[in-house]
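One structure is given below, encoded as structure tokens.
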Amino acid sequence: MNLNDDVQALKTIPLFAKVDAAKLKLLAFTSERLSYAEGDALFEAGDPADAAYIVMQGEADVLVRTPEGPVKVASVGQNDIVGEIGILCDVPRTATVRAASDLVTLRISKDGFFHLVTQFPEVGIEIMAELASRLHQTTQQLTELMRQRPPAR
-2 MNLNDDVQAL
8 KTIPLFAKVD
18 AAKLKLLAFT
28 SERLSYAEGD
38 ALFEAGDPAD
48 AAYIVMQGEA
58 DVLVRTPEGP
68 VKVASVGQND
78 IVGEIGILCD
88 VPRTATVRAA
98 SDLVTLRISK
108 DGFFHLVTQF
118 PEVGIEIMAE
128 LASRLHQTTQ
138 QLTELMRQRP
148 PAR
């Protein structure tokens, strides 16, 4: 794959969908392509969050720790993003992400992301708008779930 393929992959991700292609090219250029074998961890719960990963090929499982052991809570595939909280917030990883098959990712470092947002503040505004939309949707879903819950006794 080449830089233009990486830009097209970034364009499919809602977080970056409204960002200008030239700016995405800069982000893709500063990103790193990494390969993982099935079973390899991209990162573990509790690790410092220093990057986000775009799945370019393959699939990965998102696992959370429970007293009974790891539980799979999601799967991600081509053009999905994982670990984006890691480039936006200064919190440890909340889950483990493990390759469910041979996997190729585009690793976007926190430093590379913030360099882009510092140079082009409008990119940050576009991303904030997308995050606000996501937060609104999540709030609506939680509200609906709370309505469906039986009343407390």
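When we follow the working numbering, the leftmost residue of the sequence shown carries the number -2, and every step to the right adds one.
Each residue gets a CB set at the ideal place from its N, CA and C atoms; glycine is no exception.
Do you know offhand how far Thr93's Cα is from Arg144's?
Within the model, the alpha-carbon separation for Thr93 versus Arg144 is close to 31 Å.
Exercise for the section: Could you tell me the boundaries of the alpha helix (DSSP H) in which Ile82 lies? Expected result: Ile82 -> alpha helix (DSSP H) spans 82 to 85.
### Query
Among the residues of its own chain, which have a CB less than 7 Å from the CB of Ser106, if the five just before and after it don't count?
Cβ within range, chain order: Asp47, Ala48.
key: Extent of the continuous alpha helix (DSSP H) to which Lys15 belongs   = For Lys15, no alpha helix (DSSP H) encloses it, and the DSSP letter there is neither H nor E.
Point to revise | Identity of the residues DSSP links to Phe117 by a beta bridge | key: DSSP links Phe117 through a beta bridge to no other residue.
Rank Asn(-1), Thr102, Glu127 by C-alpha distance to the C-alpha of Met53 and give the top, closest one.
Ranked by how close their Cα comes to the Cα of Met53, the residues Asn(-1), Thr102, Glu127 have Thr102 in first place.
Q | Bridge-paired residues (DSSP) for Lys69 | A | Beta-bridge pairing links Lys69 to Leu60.
Discussion item. Taking 8 Å as the threshold (C-beta atoms), are Glu29 and Arg104 in contact?
Written reply: Yes. Within cutoff.
Can you give the Cα-Cα distance for Ala19 and Glu141, rounded to whole angstroms? Straight-line Cα distance between these residues: approximately 40 Å.
So the beta strand (DSSP E) Val101 belongs to, where does it begin and stop?
From DSSP, the beta strand (DSSP E) with Val101 extends over 100 to 106.
(Q) Just to confirm the assignment, what range does the beta strand (DSSP E) spanning Val94 have? (A) Annotation for Val94: the continuous beta strand (DSSP E) segment containing it runs 93 to 96.
Note to self: Quick check on Ile84: buried or exposed, where buried means 16 or more other Cβ atoms within 10 Å of its Cβ?
What the structure shows: Counting the other Cβ atoms within 10 Å of the Cβ of Ile84 gives 16 or more, which makes it buried.
What are the residues that DSSP puts in a beta bridge with Ile78? According to DSSP, Ile78 bridges with Ile51.
Is the beta carbon of Ala96 closer than 8 Å to that of Tyr33? Cβ atoms of Tyr33 and Ala96: closer than 8 Å.
* Does the separation of the CB atoms of Ile10 and Ile78 fall below 8 Å? -> A Cβ-Cβ contact shorter than 8 Å links Ile10 with Ile78.
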